[in-house]
């Protein structure tokens with residue numbers, strides 16, 4: 304977690320909560336097999352740690368696409384206590400308002416954090432292979448006039464050694480507006496390692512973010528025991544919560 308000039312950015316780990324994945328886990332998702340009270344308890348632990356109350360959080364129902372939505376103070380609290388039909392089908396959120404914490408759940412997909420160095424633009428994207436193919440990171444960047452003033456942080460997610468796709472999926476990436484061949488490595492099985500982190504970096508570059516303003520986490524969620532991993536744990540796992548927001552100065 305980082306707190307800088309009232310900006311709060313981070314992602315939870317699997318440790319320190321009350322959920323059973325396998326025990327004392329920090330599951331942050333309402334949509335898996337966990338008691339709602341456990342999720343709320345885990346949320347409250349995070350809220351106290353970062354100094355942003357749960358009532359200010361916004362959570363979309365992600366569907367591995369590239370739809371994005373602007374959120375405001377009116378959206379605060381959406382899908383935090385329980386899931387609703389609001390903000391369903393969005394894998395990217397952005398805001399220009401303070402005291403709004405953008406949140407999304409992860410367990411191998413790529414969290415992409417964006418914020419402006421010159422104004423209050425803040426965004427969060429969820430990029431698995433489908434979201435990366437749909438360039439959800441680029442869709443968020445398109446919302447700003449000066450992408451060269453953005454910082455892009457690509458968070459902990461699965462690495463190429465732990466994630467492979469078939470030929471049909473690899474071929475779909477040929478439609479992207481840059482050469483995607485360097486981001487795939489063919490295996491003897493005929494499948495391909497895919498570098499989702501590097502692909503999202505390339506998408507950010509293509510849409511005008513400066514290379515010196517892009518940061519990539521070295522952590523692989525499938526290899527690091529502190530993270531939930533959908534692939535490693537065959538779907539029977541919890542979810543981390545990625546978050547980004549800006550607090551009003553009087554709250555710091």
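Numbering (the numbering used here), first residue to last: 304 to 555. By construction, the Cβ of each residue, glycine as well, lies at the ideal position given by its N, Cα and C atoms.
Exercise. Rounded C-beta distance between residue 338 and residue 363? I'm assuming under 8 Å.
Worked result: Walking along the chain shown from the start, residue 338 turns up at place 35. Walking along the chain shown from the start, residue 363 turns up at place 60. 22 Å between Cβ atoms; not a contact.
For this session: Mark residue 313 as exposed unless 16 or more other C-beta atoms lie within 10 angstroms of its C-beta, in which case mark it buried.
Result: Your numbering for residue 313 matches position 10 in the chain shown. Classification of residue 313: buried, given that the 10 Å Cβ count is 16 or more.
For this session: Taking residue 495 as the reference, give the member of 486, 383, 468 and 443 with the closest Cα.
Result: Along the chain shown, read from residue 1 onward, the residue named residue 495 stands at position 192. For the residues 486, 383, 468 and 443, the minimum Cα distance to residue 495 belongs to 468.
For this session: Name, in chain order, the residues that DSSP records as bridge partners for residue 397.
Result: Taking the chain shown and counting its residues from 1, one reaches residue 397 at position 94. Paired residues: 373 and 426.
Problem set entry | Secondary structure of residue 350, DSSP reduced to three states | The sequence position of residue 350 within the chain shown is 47, counting from 1. For residue 350, the three-state secondary structure derived from DSSP is helix.
Exercise. Sorted by chain position, which residues of the same chain lie with C-beta nearer than 8 Å to residue 311's C-beta, five sequence neighbours on each side aside?
Worked result: Reading the chain shown from its first residue, position 8 is the one you call residue 311. Leaving aside the five residues that flank residue 311 on each side, the residues in its chain whose CB is nearer than 8 Å to its CB run, in chain order, 304, 305, 353, 354, 355, 404, 546, 547, 548, 549 and 550.
For this session: Rank 473, 490 and 491 by C-alpha distance to the C-alpha of residue 483 and give the top, closest one.
Result: Against the chain shown, residue 483 aligns to sequence position 180. For the residues 473, 490 and 491, the minimum Cα distance to residue 483 belongs to 473.
Problem set entry | Contacting residues, own chain, Cβ-Cβ under 6 Å from residue 451 (five flanking each side not counted) | Taking the first residue of the chain shown as position 1, residue 451 is located at position 148. Excluding five sequence positions before and after residue 451, the CB atoms of its chain that fall closer than 6 Å to its own CB belong to 511 and 513, given in chain order.
Problem set entry | alpha helix (DSSP H) segment containing residue 447, residue limits | Start at 1 with the first residue of the chain shown, and residue 447 comes out as number 144. Neither: residue 447 is in no alpha helix (DSSP H) and is coded neither H nor E.
For this session: Just mark residue 333 as buried or exposed, buried being the case when its beta carbon has 16 or more other beta carbons within 10 Å.
Result: In the chain shown, residue 333 corresponds to position 30, counting from 1. Flag for residue 333 reads buried.
Exercise. What number of angstroms, rounded off, separates the C-alpha of residue 329 from the C-alpha of residue 321?
Worked result: Reading the chain shown from its first residue, position 26 is the one you call residue 329. Reading the chain shown from its first residue, position 18 is the one you call residue 321. Taking the straight line from one Cα to the other gives about 6 Å.
Exercise. Is residue 548 helix, strand or coil when you go by DSSP?
Worked result: The count along the chain shown starts at 1 and reaches residue 548 at position 245. It is a strand residue.
Exercise. Does the distance from the C-beta atom of residue 258 to that of residue 499 stay below 8 Å?
Worked result: Past the edges of the chain, shown from 304 to 555, lies residue 258, and the structure says nothing about it.
Exercise. Where do the N-terminal and C-terminal ends of the beta strand (DSSP E) with residue 488 fall, by residue?
Worked result: Along the chain shown, read from residue 1 onward, the residue named residue 488 stands at position 185. Run containing residue 488: 487–489, per the beta strand (DSSP E) assignment.
For this session: Specify, as a first and last residue, the run of the alpha helix (DSSP H) that residue 500 falls within.
Result: Reading the chain shown from its first residue, position 197 is the one you call residue 500. Note, residue 500: alpha helix (DSSP H), 499–509.
For this session: Measure the C-alpha to C-alpha separation of residue 393 and residue 430 and round it to an integer number of angstroms.
Result: Position 90 of the chain shown holds residue 393. Position 127 of the chain shown holds residue 430. C-alpha of residue 393 to C-alpha of residue 430: approximately 11 Å in a straight line.
Exercise. Near residue 389, which residues of its chain fall below 7 Å by C-beta distance, leaving aside the five closest residues on each side in sequence?
Worked result: Mapped onto the chain shown, residue 389 falls at position 86. 381 and 382, listed in sequence order.
Problem set entry | Other residues of its chain near residue 348: CB distance less than 8 Å, five sequence neighbours each side excluded | For the purposes of this step, residue 348 is taken as the residue at position 45 of the chain shown. Counting only residues of its own chain and dropping the five nearest sequence neighbours on each side, residue 348 has a CB closer than 8 Å to the CB of 319, 320 and 329.
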